[in-house]
Amino acid sequence: MTKILTKHFDEPRLHELETYRRLGGYEALQKARAMAPAAVTAEVKKSNLRGLGGAGFPVGMKWETVPPEDKVPGPRYVVVNADESEPGCFKDRVLLTRAPHQLLEGLLIAAHAVGAKETFIFLRGEYQNQYDILEKAVQEADAAGWTKAASISLMRGAGAYISGLDTALLETMEGKKAWPRQPPPFPTVAGLMGKPTVVNNVETLSMLPFILREGGEVFAKIGSARNGGTVLFSVSGHVEKPGVYEVPMGSKLRDVLALAGGVRGGRRLKAVIPGGTSMPPLVEKDLDVALDFDAVRAAGTFLGAGGMIVLDESADAVAVAHNIERFLSHESCGQCTPCREGAAWLERILERLLRGGGVPEDLDNLKRVGENITGKVICALGDTVGVVARAWLGKFPDDFKAKIPRGNS
Amino acid sequence: MSAQAPVKSPFSPEQEKILTEWTTRYPYPNMGLVEALRSVQDWHRMISPETASRVAEIFHMPFSHVWGVATFFPAFTMKPVGKYRIGSCRGLSCWLAGSDAMEACLEKTLGVKARAVTPDGKFSWEPMECLGACEQAPALQVNDRLKGAATEKMIATLAEERHD
Amino acid sequence: MATPRHVTFQLNGRTVEAEEGRLVIDAAKDAGVEIPHYCYHPALGNPGNCRMCVVEVAGAPKPQVSCRLAVREGLDVRSDSPAAKRAQASALELHLVNHPLDCPVCDQSGECGLQDYYMTVGRYQSQAREDKEHKSKRVEAGPHVMLDQERCILCTRCTRFVDDVTKTHELGIFGRGHEERLDLAPDKVLDNAYSGNVVDLCPVGALTDRDFRYKVRVWYLDKTDSICPGCARGCSISVHTSTKRPWHNGGRRVARLKPRYNAAVNGHWICDEGRYSYKSLDENRLGKVLRLRPSREELSWEVLAAELAGRLRGGLAAGGPEGLAVAASGALSNEDWAAFKALFVDALKLPRLYFAADPDQVGEQDELLRRREKVPNLKAAEALGLRGGSFDALAADLAAGKIWGLWVIERDLDRVWGRRAAELLAKPELTVYQSPFKGALGDAYAYRLPATAYVEEEGHFTNFEGRVQAYRRALDPIGAARPDAAIFGLVAAALEGIRSREGAAA
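And the structure:
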């Protein structure tokens, strides 16, 4: 199977500049820098590269919304979102550990395309090992002169999941609470310190060296319609071989599951969360769903950031929903009321169900409260709060009903 | 407000220097705030009103702003943590892999509840949200460094090795 | 700047005209439609965190917050559709899920955004079974403000006020998610000069007024438009009085003062000095017309006027107008000043008038509202061409025995001259004191005349910018008290009577 990002992962010293260069590293950057910025963007548009941090927004289109210098003079920035913290996702950690220069090269290509002279990598604070690796890689890139045209600075977060949302990330970078902004304006128009800012995920940017080297069309052909190239899945949970797997966009769920060795102990599959715990689950009948942004969407959930968690028949949907809502409640930033109050409320209803204190009205209430949150909040985390409990209840009503002791009312 | 060191700073001269450096590391001084608070948390194992207040002076920010940021982010604590701050992941994959048992094991082995510090000041532990290591479930970290999948033996070794 | 373009848009099926780009929530208000909201405040911005002002917008996949939605041509907005009302009700339900619902003991009851919107868009049956989250219910935020964290809906109006308006930063939202709370920053006290405003702008009962706490239910209050007499700014205020149940407020008739929006003068705010000035309004009051010297006797206004006019006439004949001094205060209304001028300048032609705010009626000035002159209406005296002398010179002349008569209006000379005042007051043969309040030297004069306080009369003040503003009568006068203008008029008429009788006799 075609590999792009993990192609050279059997090279033990891939994280060092020397090895990366020997394998053709930074040639794409040289090529890009010889091109007009608009031509780089055009190549990326041709590639059908989508934002792999979860939103799936076409990358070239996002770059094009950065206003031209004559309209908005002054600096523009590129920020790498390396605040990977969606439960189930760990592919960025692996990319940062194994192929930091691939990211740096991609970042510098993006900087050239949008005219940024300063770039930042915002890394979750818990990735201290990766911080050290990146620090060293940036030093190597500096020494080799790659960052003369655009500098790279590192910054660490402080443990808030919401910092991974682009506008909350920018707030964090500005030394504020990670309270999401409410676009418009979008970051590409007014982002970091009000300057035009492109925020892209680690995996997204890491794709750019291949696209520039091989051409956008080659990349596009690897994937499915409107979903170019490959995608990394972080597979965990009840599988034999958890890990990161790179597959072409549009591969079948069944195939990714097979790469991970299938359900552990040959047990029966109960559910697969395709993109991280914020996404509604798929079930056995969905095994032939093609894994790209659009097909997964059509199947009623989201590809997200490819954080695939597999659950076998032993899993209890109520306990799973509780774990996720508890997480979201803990990570709710507290800015807007429906999410702040609603997440805690849902968590407590689910907790009561698990304790055996459920009443029949709880099921309607989970649904109703969820509906009252989703679509009425500031950010995507809030939308998710209202979705998760409803999704698990919708797919596994029997698990929920079983939590309501007879006679409770 | 002045950035001149007060008569009595809660920081050493070297630490004052580092904090001031965070105001110049990025294009705008305020961009260094979260990193500066990380430094304070590292040095004092907590952030107090006194230290946050000094950071506010250095950054020319209202104290309430700095205190708001400090109390917002989970990495910052208003009570001390141990020299070794152990994080036990309770994300879905780690929970499926038995994170509850690892939390119980940490409590038993270290003899303290979550977020409390061992009497010698060496250890504290806390449940954490997804550490981004779901393939190594149930994941454990010490001072922001991933240690891999936790086992009772690993926790026992960890507690022993660092009791120097 | 380009002139704003006016466009038309649809609001609840009506065609409404508004400035392009105006926030829908404001444009709706202009058109008489109130869209529920907590966090939005026209002077504090639109963070959009309460999600109460959601409206349905044709073509939009989900409800939009009208505090962040700009009016544009052809926009089709519904704040009253079933979907919009459902969205508003659901936001309210989430505001209330952890609210203590302690309305029976909450001072905000009757003027609470949670109660009001429950009645207009809520009306749901609560489905909350979980226990409420507990937080601190009694935080003494400052000398004037009490904080109840459980009632707080975290709308951030108050934190934006202390961050953006006073820039004093005492309050903050600390913590995160459902553990977040409004609190004082450690070691801070909410004691800025405008702290009371957070009580007004808090849409719920989280920030209450310690002076008003547990005193009167708001529905028992009568409200009268007035002007704060606390300084030369002349902020628009509303006087809230409690007269029907005197046992509710320790007998004090004024229960509180609230700012009244006035874009040109004070915006939405007033200062604490002005706000809490009401507390002394019923204290140390004068209600009787008294002669104290040589013999103490309560007089009718008619007898007083005749007697005083006679003594003034005698004094003027013997000692001349330069021996009669009048010390007044900038607290007089435009009407009072006019009568003052008619009596003392036009009729009596007195050269000795004293009313400068210095030294006793000045205080702090700032960039927000407070003016240095702590009296409301010196500007009116200036506008009438009145000129005042220096109190130092007056003191010297009194000490030198050059003054035979001294008439003091609404001014406590003890605060002008300190301990010397009593000694100086003993010098003239005729002393008149006219004021709502007894003051430190109220017993030291020959005559004591009760004047009404501003809440007991109507009139106008001219503020430091020359803006003439009306204040209305909120309360009945105490005892025989009359407005200063009326007192001047009585004496003027009595003097005129004497003059015409003398003229007739001659």
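Residue numbers (my numbering), protein chains in the order written: chain A, 19 to 427; chain B, 5 to 168; chain C, 169 to 674.
Built from N, CA and C at the ideal position, the CB exists for glycine as well.
Quick caveat: nothing in here was measured; it's all calculated off a predicted structure.
Item: Which of the residues in the stretch 337-353 of chain C, read from start to end, lie with their CB under 8 angstroms from any CB of chain B?; Value: H337, E338, L339, G340, I341, F342, G343, R344 and A353
Item: Please state the DSSP three-state secondary structure of E133 of chain B.; Value: coil
Item: Between E359 of chain A and L262 of chain C, how many whole angstroms is the CB-CB distance? I'm expecting something under 8 angstroms.; Value: 4 angstroms
Item: Just verifying my parser: in three-state terms, what is the DSSP assignment at N383 of chain A?; Value: helix
Item: Quick check on the DSSP output: the alpha helix (DSSP H) that includes P356 of chain A runs from which residue to which?; Value: T355 to L372
Item: For S350 of chain A, tell me which candidate among C:L179, C:N217, C:G216 and C:R344 has the shortest Cα-Cα distance.; Value: C:R344
Item: Can you check whether the C-beta of S350 of chain A is within less than 8 angstroms of a C-beta belonging to chain C?; Value: yes
Item: Helix, strand or coil for S181 of chain A? Go by DSSP, reduced to three states.; Value: helix
Item: Among the candidates C:G340, C:Y622, C:R579 and C:Q533, whose CA atom is the shortest distance from the CA of R328 of chain C?; Value: C:G340
Item: Against D355 of chain C, what residues of chain B qualify as contacts under a CB-to-CB distance less than 7 angstroms, listed in chain order?; Value: P53
Item: Mind listing, in chain order, the continuous alpha helix (DSSP H) runs of no fewer than 4 residues lying wholly within the stretch 277-327 of chain C?; Value: 281-285
Item: Assuming the contact rule is C-beta atoms closer than 8 angstroms, G249 of chain A and V262 of chain A should be a hit. Round their C-beta distance to whole Å, please.; Value: Note on identity: in this sequence residue 249 of chain A is Val, with Gly being the wrong assignment. Between V262 of chain A and V249 of chain A the Cβ distance is about 11 angstroms, and since that is not below 8 angstroms, they are no contact.
Item: Under the assumption that D306 of chain A contacts R272 of chain A (Cβ atoms under 8 angstroms), give the Cβ distance between them as a whole number of angstroms.; Value: 6 angstroms
Item: I'd like the list of long-range same chain contacts for G388 of chain A, defined as Cβ closer than 6 angstroms, with 5 residues on each side in sequence excluded.; Value: G404, A407 and R408
Item: Could you name each continuous beta strand (DSSP E) segment of 3 residues or more that falls completely within the stretch 267-325 of chain A, going from the start of the chain to the end?; Value: 287-291
Item: In whole angstroms, what separates the C-alpha of S603 of chain C from that of V289 of chain C?; Value: 51 angstroms
Item: Note down the Cα distance separating V239 of chain C from P203 of chain A, rounded to an integer number of angstroms.; Value: 17 angstroms
Item: Tell me, which residues are paired with I90 of chain B by DSSP?; Value: B:W129 and B:V146
Item: Runs of 4 residues minimum, wholly inside the stretch 577-614 of chain C: which ones carry the alpha helix (DSSP H) assignment?; Value: 581-585 and 588-593
Item: May I ask you to report which of helix, strand or coil DSSP gives C109 of chain B?; Value: helix
Item: Taking all protein chains shown into account, do 16 or more other C-beta atoms lie within 10 angstroms of the C-beta of W387 of chain C, making it buried, or fewer, making it exposed?; Value: exposed
Item: What separation, rounded to the nearest whole angstrom, lies between the Cα atoms of A361 of chain C and G310 of chain C?; Value: 11 angstroms
Item: Report yes or no: is there a C-beta of chain A within less than 8 angstroms of the C-beta of E188 of chain C?; Value: no
Item: First and last residue of the alpha helix (DSSP H) that includes E202 of chain C?; Value: Taken as a continuous stretch (DSSP letters only), E202 of chain C belongs to no alpha helix (DSSP H), as it is neither H nor E.
Item: Using the beta-carbon of each residue, which ones in chain B are nearer than 9 angstroms to A439 of chain A?; Value: For chain A, the structure presents residues 19 to 427; residue 439 of chain A sits outside this window and is missing.
Item: Take the Cβ of F75 of chain A as the centre, count every other Cβ of all protein chains shown within 10 Å, and call the residue buried at 16 or more, exposed below.; Value: exposed
Item: Based on Cα-Cα distance, which residue from C:A228, C:V225, C:Q232 and C:A226 lies nearest to G216 of chain C?; Value: C:Q232
Item: Rounded to whole angstroms, what is the Cα-Cα separation between Y302 of chain C and G373 of chain C?; Value: Residue identity check: residue 302 of chain C is His in the sequence provided, not Tyr. If you take the alpha carbons of H302 of chain C and G373 of chain C, they lie about 16 angstroms apart.
Item: Quick one: grab the DSSP three-state call for P210 of chain C.; Value: coil
Item: Could you tell me the alpha carbon to alpha carbon distance between R189 of chain C and N430 of chain C, rounded to whole angstroms?; Value: Here the sequence assigns Gly to residue 189 of chain C, which means Arg is not the residue at that position. Cα-Cα distance, rounded: 23 angstroms.
Item: So P205 of chain A and A186 of chain A are supposed to be a Cβ contact under 8 angstroms. How far apart are they, rounded?; Value: Actually they are not in contact, since the Cβ atoms of P205 of chain A and A186 of chain A sit about 11 angstroms apart, beyond 8 angstroms.
Item: Assign R555 of chain C to buried or exposed, taking buried as 16 or more other Cβ atoms, counted over all protein chains shown, within 10 Å of its Cβ.; Value: exposed
Item: Where does the unbroken alpha helix (DSSP H) through A493 of chain C begin, and where does it stop?; Value: Unbroken run through A493 of chain C is the beta strand (DSSP E), L492 to A495; no alpha helix (DSSP H).
Item: Which residue wins for smallest C-alpha separation from D368 of chain C, given the options C:D332, C:L358 and C:C326?; Value: C:C326
Item: Sort out for me which residues DSSP pairs S169 of chain A with in a bridge.; Value: A:E136
Item: When you check each C-beta in the stretch 334-345 of chain A against every C-beta of chain B, which residues fall closer than 7 angstroms?; Value: V338, N341, I342 and F345
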